[in-house]
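S.K.:
Number of protein chains: 2
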Amino acid sequence: MLNAMSEAVRFEIEARCSWSGARAGRLTTRHGVVETPVFMPVGTNATVKAMLWDQVLACGTQIVLANSYHLYLRPGHRLVERAGGLHQFSACPLPILTDSGGFQVFSLNQLRRISDDGVHFRDHRTGDEHFIGPERSMEVQNSLGADIIMAFDECVQNPASRAEAEKAMERTHRWLERCLKSHARPADQALFGIVQGSIYEDLRAESARVVTGADLPGFAIGGVAVGEDRPAIERIVLHTTALLPASKPRYLMGVGTPWDIAYAIRCGVDMFDCVLPTRLARHGAAFLPEGRVSLKNARFAADPLPLAPGCPCYTCRHHCRAYLHHLVRAREMSAATLLSIHNVTHLHAQARACRQAILAGHFREHFQRCRREIAG
Amino acid sequence: MLNAMSEAVRFEIEARCSWSGARAGRLTTRHGVVETPVFMPVGTNATVKAMLWDQVLACGTQIVLANSYHLYLRPGHRLVERAGGLHQFSACPLPILTDSGGFQVFSLNQLRRISDDGVHFRDHRTGDEHFIGPERSMEVQNSLGADIIMAFDECVQNPASRAEAEKAMERTHRWLERCLKSHARPADQALFGIVQGSIYEDLRAESARVVTGADLPGFAIGGVAVGEDRPAIERIVLHTTALLPASKPRYLMGVGTPWDIAYAIRCGVDMFDCVLPTRLARHGAAFLPEGRVSLKNARFAADPLPLAPGCPCYTCRHHCRAYLHHLVRAREMSAATLLSIHNVTHLHAQARACRQAILAGHFREHFQRCRREIAG
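Those protein sequences? They're chains A and B, same order as listed. Numbered according to the numbering used here, the first sequence spans residues 947 to 1322. Numbered according to the numbering used here, the second sequence spans residues 947 to 1322.
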């Protein structure tokens, strides 16, 4: 267990791949142990969309992400704090990671004004003016009380010029200083720093140098899969991961597809989050071993097979493709639930298969099979 | 168990109330035993909206209703038949009752043309022309393969003149003859007849005489809660239930509120269905012991209590009102699921409490408490 007043999380590496940067580890938090590499489903509003926690658990989920931006606007971090924090408020039985709110402030708001202080923006629902900067982000995340919290950063969308990327990176570094100073619960909540620098390798190197210069319990790679193509994603993940301390957990933010995850694991990333499995599910699509399919497709109308024969999820154990096709066509909410269960289970199974291959010493063969089967 | 080739359901009465018409019974079907009085959640498209079957089961559900009209239009009864019937297609682990499609043909379609043959109507989605009459309804329901199927009837909305009500009733009687002749699976599927007659007691008596003249395994009361006020509902249910054979199951169609159900049980009704618990849930409302509440209400924003303290449902065991308020406000699908679980559990608990009071010989006191607490 964790040393009571000194550390919010502990990370141990159990095995390293001799061929690649991949590793298997254990991240101990105050709400449970997380075996890595791990995929984290996104629970934006303190709920994974279309799922209840018992379903999230049954999929093999070990840790979930929640969005500070949304929870700050509604129901408000002070209300959550008075309810005893996110775990108590939402009855989430798992470790939680909150993002800083920065990504959503930048990506969801047209009406924003950025300065070195932080970001002024308007709630798109109410028109109310809000401000989030590093101090406010820490205040919000300290109130929410997640096990892992993220530094407030500026993430530029691609394509971005080198000058834009450099400016945002430098601001991210200045903001990290302020996050460190204002983080009020370091013994309870592990603050991860975020490396930026867009697609520019020298900026990534510079950012990794500055950010890992801080004595933090973990590091994230931000600004990936925000508009650039796949070769750029792979190049930057490979380059940046190697610049992060080997002994600390590494988190690739907002990524991604089954192949992106396999590739990042090969580079030495330990943690991932993405809305893809649940968003695809709400649009009637599922991850199959052979790729992504839309259950709307007429070819499934009378298909008596489970989605993915052999998949251990509730959906595949109980239902055939014909029924799922029918539910998707009829726009039933249960379609979103059943496909979310399958898609989340699929990504967990993929991460676990990588972990087992690393532990067993045959990750190279496993990765090459992944490349043949799921790349592209 | 059931005698293989002779009966589709068997009904035994376990206890009768000495003060009222209420009774407790057991309805044995090929997919399980149903203890009555019983509330049946509605699974229109072969799914109870926003719920999976394991959740439907965990609420205490013993039998569900599915809508022939919707399943005839999509995915089509022939497709369901080829999949092995509704149970196999939807993996529903419970007994199923299908309605005849009549009610939806009349209530959901502006573009309909009724004759003694049946009803011509247009699919509101595709514009395609369709026809359903007694023979087609039996064909559809025989293909779907539910444990209990319903006669094709004409249900007039209230207010209806005596002449309109009489005409529809007489047509319902002629259609029942044709249903009996065309029902192809009497050994597998129990066909229930439906008594009509609107708010007119003499018509109800006439209809009960004609319909119960057929040797059927159960009888339903149709045309209730279709526009009339509560005193009329109570008067017609009390009057009509007493006209049905005591030894056969009695089903009050599409009713209703917690009070309607308590009142109908007092009259001697055994089975109920209604979309109310799941529809209210999708609109953010819940049944509480003290009445119906909207979780949108700001007074719940920081309420740390469960919806109904002491309620054994998943929602009440795990979540507080503040979280449910938040999910409803954020329009999260999980709000619909959590409130459906609670509302369905609530109606099952209510029916079970009546059953236990009947078995224990104190239904009168129980009913009078219901009248004080939930009437109005």
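Every residue, glycine too, gets a C-beta built ideally from N, C-alpha and C.
At a CB-CB cut-off below 7 Å, which residues of chain B make contact with residue 1265/A?
M.R.: Residue mapping note: residue 1265/A aligns to position 319 of the first sequence, counting from 1. Ordered by position in chain B, the residues that pass the 7 Å Cβ test against residue 1265/A are 1037.
S.K.: Starting from residue 977/B, find everything on chain A with Cβ-Cβ shorter than 8 Å and list it in chain order.
M.R.: Numbered from 1 along the second sequence, position 31 holds the residue referred to as residue 977/B. By Cβ distance, chain A contributes nothing, its closest Cβ being about 16 Å from residue 977/B, past 8 Å.
S.K.: So, helix, strand or coil for residue 1231/B, using DSSP?
M.R.: The count along the second sequence starts at 1 and reaches residue 1231/B at position 285. Note: residue 1231/B maps to strand in three-state DSSP.
S.K.: Report, in whole angstroms, the separation of the C-beta atoms of residue 973/A and residue 1195/A, which I expect to be a contact under 8 Å.
M.R.: Position 27 of the first sequence, counting from 1, holds the residue named residue 973/A. Position 249 of the first sequence, counting from 1, holds the residue named residue 1195/A. That belief holds up - the Cβ atoms of residue 973/A and residue 1195/A are roughly 6 Å apart, short of 8 Å.
S.K.: Which one of 1052/B, 1247/B, 1294/B has the shortest CA to CA distance from residue 1022/A?
M.R.: Numbered from 1 along the first sequence, position 76 holds the residue referred to as residue 1022/A. When only C-alpha atoms are compared, the closest one is 1247/B.
S.K.: Comparing C-alpha positions only, which one of 1033/B, 1172/B, 1143/B, 1193/B sits nearest to residue 967/B?
M.R.: Taking the first residue of the second sequence as 1, we reach residue 967/B at position 21. Closest by alpha carbon: 1193/B.
S.K.: Please list, in chain order, the chain B residues whose beta carbon lies closer than 7 Å to that of residue 1015/A.
M.R.: Mapped onto the first sequence, residue 1015/A falls at position 69. None at all; the shortest Cβ gap to chain B is about 13 Å.
S.K.: Leaving out five residues on either side along the sequence, give the residues of the same chain with a beta carbon under 7 Å from the beta carbon of residue 1185/A.
M.R.: Reading the first sequence from its first residue, position 239 is the one you call residue 1185/A. Correct list, in chain order: 1147, 1150.
S.K.: For the segment 972-1004 of chain A, enumerate the residues whose C-beta is nearer than 9 Å to any C-beta of chain B, in chain order.
M.R.: Cβ contacts with chain B come from 990, 991, 992, 993, 994, 995, 996, 997, 998, 999, 1000, 1001.
S.K.: Using a beta-carbon distance below 8 Å, is residue 1245/B in contact with chain A?
M.R.: Numbered from 1 along the second sequence, position 299 holds the residue referred to as residue 1245/B. Output row for residue 1245/B: interface = no.
S.K.: Of all the residues that make up the segment 1096-1119 of chain B, which are near chain A by a beta-carbon distance shorter than 8 Å?
M.R.: Correct list: empty, as no residue qualifies.
S.K.: Comparing the C-beta of residue 1291/B with each C-beta of chain A, is any distance below 8 Å?
M.R.: For this step, residue 1291/B is matched to residue 345 along the second sequence. Closer than 8 Å: no.
S.K.: From residue 1280/A to residue 1262/A, what does the alpha carbon distance come to, in whole angstroms?
M.R.: Numbered from 1 along the first sequence, position 334 holds the residue referred to as residue 1280/A. Numbered from 1 along the first sequence, position 316 holds the residue referred to as residue 1262/A. For residue 1280/A and residue 1262/A, the distance between alpha carbons rounds to 14 Å.
S.K.: Between residue 1012/A and residue 1092/A, is the Cβ-Cβ spacing less than 8 Å?
M.R.: Within the first sequence, residue 1012/A is the residue found at index 66, counting from 1. Within the first sequence, residue 1092/A is the residue found at index 146, counting from 1. Yes, they are a contact pair.
S.K.: Measure the beta-carbon distance from residue 1224/A to residue 994/A and round it to whole angstroms, keeping in mind my assumption that it falls under 8 Å.
M.R.: Taking the first residue of the first sequence as position 1, residue 1224/A is located at position 278. Taking the first residue of the first sequence as position 1, residue 994/A is located at position 48. Right, the Cβ-Cβ distance comes to about 6 Å (below 8 Å), so this counts as a contact.
S.K.: Hey, which unbroken runs of the alpha helix (DSSP H) at 4 residues or more fall wholly within the segment 963-1043 of chain B?
M.R.: With a minimum length of 4 residues, the continuous alpha helix (DSSP H) runs that stay inside the segment 963-1043 of chain B are 999-1004, 1014-1019, 1023-1028, 1032-1036.
S.K.: Out of curiosity, what's the CA-to-CA distance linking residue 1199/B and residue 1009/B?
M.R.: In the second sequence, counting from the first residue as 1, residue 1199/B sits at position 253. In the second sequence, counting from the first residue as 1, residue 1009/B sits at position 63. Whole-angstrom Cα-Cα distance: 14 Å.
S.K.: Which runs of the alpha helix (DSSP H), 4 residues or longer, sit entirely within the segment 1236-1304 of chain B?
M.R.: 1260-1264, 1267-1275, all fully within the segment 1236-1304 of chain B.
S.K.: Three Cβ pairs or more, each shorter than 8 Å: is that satisfied between the segment 1137-1146 of chain B and the segment 1106-1124 of chain B?
M.R.: The segment 1137-1146 of chain B is in contact with the segment 1106-1124 of chain B.
S.K.: Are the beta-carbon atoms of residue 1047/A and residue 1014/A separated by less than 8 Å?
M.R.: In the first sequence, the residue the question calls residue 1047/A occupies position 101. In the first sequence, the residue the question calls residue 1014/A occupies position 68. Contact flag set, yes.
S.K.: Let me know if residue 1231/B comes out buried or exposed under the rule of 16 or more other beta-carbons within 10 Å of its beta-carbon.
M.R.: Looking up residue 1231/B in the second sequence gives position 285. Looking at its Cβ environment, which holds 16 or more other Cβ atoms inside 10 Å, residue 1231/B is buried.
S.K.: Using 8 Å as the limit for Cβ to Cβ distance, is residue 1189/B near chain A?
M.R.: As a working note, residue 1189/B is residue 243 in the second sequence. False, the Cβ-Cβ gap to chain A never drops below 8 Å.
S.K.: The alpha helix (DSSP H) spanning residue 1141/A covers which residue range?
M.R.: Against the first sequence, residue 1141/A aligns to sequence position 195. No alpha helix (DSSP H) contains residue 1141/A, which is instead part of the beta strand (DSSP E) from 1136-1141.
S.K.: Name the one or two DSSP bridge partners that residue 1063/A has.
M.R.: Locating residue 1063/A in the first sequence gives position 117, counting from the first residue. Residue 1063/A is not bridged to any residue.
S.K.: From residue 1031/B to residue 1122/B, what does the alpha carbon distance come to, in whole angstroms?
M.R.: In the second sequence, the residue the question calls residue 1031/B occupies position 85. In the second sequence, the residue the question calls residue 1122/B occupies position 176. Taking the straight line from one Cα to the other gives about 24 Å.
S.K.: Run the CB neighbour count on residue 1077/B, radius 10 Å, all protein chains shown included, and call it buried at 16 or more, exposed below.
M.R.: Numbered from 1 along the second sequence, position 131 holds the residue referred to as residue 1077/B. So residue 1077/B ends up on the exposed side.
S.K.: By how many angstroms is the C-alpha of residue 1017/B removed from the C-alpha of residue 992/B?
M.R.: Taking the second sequence and counting its residues from 1, the one referred to as residue 992/B is at position 46. Taking the second sequence and counting its residues from 1, the one referred to as residue 1017/B is at position 71. Approximately 8 Å between the Cα atoms of the pair.
S.K.: Check whether the Cβ atoms of residue 1033/B and residue 1119/B lie closer than 8 Å to each other.
M.R.: Translated into the one-based positions of the second sequence, residue 1033/B becomes position 87. Translated into the one-based positions of the second sequence, residue 1119/B becomes position 173. Contact: no.
S.K.: In terms of alpha-carbon separation, which member of 1097/B, 1172/B, 1318/B lies closest to residue 1163/B?
M.R.: One-based indexing of the second sequence puts residue 1163/B at position 217. Closest by alpha carbon: 1097/B.
S.K.: Against chain A, does residue 959/B count as a neighbour if the rule is that its beta carbon must be under 8 Å from one of theirs?
M.R.: Here residue 959/B refers to the residue found at position 13 when the second sequence is read from its first residue. Residue 959/B does not count as touching chain A.
S.K.: Select from 1154/A, 1238/A, 1271/A, 1029/A the residue whose C-alpha is nearest the C-alpha of residue 1168/A.
M.R.: As a position in the first sequence, residue 1168/A is number 222, starting the count at 1. It is 1154/A whose Cα lies nearest to the Cα of residue 1168/A.
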